[in-house]
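Down below is the structure, laid out as structure tokens.
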Amino acid sequence: MDKSTTIKYIIQAAGAGGKVLKKYFGQELELKEKSMAADFQTKADLESEEAVTKVLKKHFPNYNIHGEENGLHDNNSEWTFYIDPLDGTNNFVIGLPHFSVNIVLLKNKAAHYAVTHQPILNNTYYAVKGQGAFLNNSKITVSNTVEIPRATIATQAYYDTPETTIQKIHTILYAQDVKRILSNWSPALDYGMLAAGKIDGIINYGNEIYDFAAGKLIAREAGAKITTFDGQEDLDDLNPQFIASNGTRIHSRLLDVLK
């Protein structure tokens with residue numbers, strides 16, 4: 001299967017999950033606690049994953065599929081899909097339309113295809129390794145913002161990250177006169193916004209692969225600079241702690257935040 005057909009089917013799968021989320025958005029749903037009180041799932045998460053998986057199994061029957069809700073379906077393939085059927089569950093539950101369906105396809109541990117679909121706005125960010133990043137079929141690129149006072153920075157962290165750590169990062173950013181700090185609790189969409197030039201940088205203090213792997217490829221293909229916290233180029237698509245930016249001197253300012 002060629003690359004254009006592959007990404008077409010992945011976009012189709014994300015759209016199937018998005019239809020489920022649109023159906024349930026705005027309804028009262030029962031919350032089921034997962035590993036901790038701040039992490040939960042709904043009927044929408046489960047049905048969205050089922051819809052995505054159905055499409056992927058149809059077109060990629062021999063690939064591994066690893067869903068956030070249902071775990072690994074192992075076909076002993078070098079190719080593995082990771083699915084987040086609802087990134088931003090809390091936003092979804094409270095009626096905030098900032099959530100998405102995310103799919104990344106890895107060959108061994110390297111990301112080759114990625115899709116982030118925002119169903120309420122019908123925005124689909126996607127990328128194929130080496131072919132650039134796109135939003136609804138239009139090529140996108142990172143911003144050219146240079147100065148921190150003109151920059152919008154997103155911060156991300158897992159549920160168990162100490163609150164004091166995030167507060168410290170925000171305090172230092174504000175001390176640098178950053179324009180805005182976003183904590184949207186839908187990490188994948190932050191990468192889409194970085195890729196499209198809507199925000200200028202992201203500090204990711206730790207997330208699960210479902211939350212960042214698709215977005216990391218999309219941002220990189222749009223020209224983002226991605227490094228580890230010590231400033232080395234981040235070549236590990238599965239590394240959960242990194243800084244992503246538009247690549248201007250804003251990046252060095254973000255590295256200073258973590259010193």
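Take the sequence shown: its position 182, counted from the start at 1, is 182 in the UniProt record's numbering, and no numbers get skipped.
Glycine is no exception: its CB is placed at the ideal position from the N, C-alpha and C atoms.
What you are looking at is a predicted structure, and each value in this text was computed from that prediction instead of being measured.
- Look at A133 here: in three-state DSSP terms it is strand.
- For the 8 Å CB-CB criterion, D236 and A213 do not form a contact.
- DSSP places K198 outside both helix and strand once states are collapsed to three, so it counts as coil.
- Beta-bridge pairing by DSSP links I226 to A244.
- For N136 against T124, the beta-carbon gap comes to about 6 Å, under 8 Å, which counts as contact.
- Under the three-state reduction of DSSP output, Y9 falls in the helix class.
- Per DSSP, the beta-bridge partners of F81 are I65, L105.
- Taking the Cβ atoms as the reference, G223 lies roughly 7 Å from G247, within the contact range of under 8 Å.
- A check of alpha carbon separations from N204 across S252, K129, A244 identifies A244 as the nearest.
- Closest in alpha carbon position to R253, among L121, A151, K43, V52, is A151.
- For T116, the secondary structure class from DSSP, reduced to helix, strand or coil, is strand.
- A contact between stretches requires three or more CB pairs, one per stretch, nearer than 8 Å, and the stretch 51-63 fails this requirement with the stretch 158-178.
- Residues of the same chain with a CB within less than 7 Å of the CB of I148, apart from the 5 flanking positions on each side, are Q176, D177, V178, I250, R253 in chain order.
- Here M1 is exposed: its Cβ has fewer than 16 other Cβ atoms, across all protein chains shown, within 10 Å.
- Looking at K8, V101, I166, the one whose alpha-carbon comes closest to that of Y82 is V101.
- Take Y210, set aside five residues on each side of it, and the residues of its chain with a beta-carbon closer than 6 Å to its own are E68, Y82, D84, in chain order.
- The beta carbon of D45 lies closer than 7 Å to those of E69, P85, L86, T89 in the same chain, with the five residues before and after it left out.
- L182: member of the beta strand (DSSP E) spanning 180-182, first to last residue.
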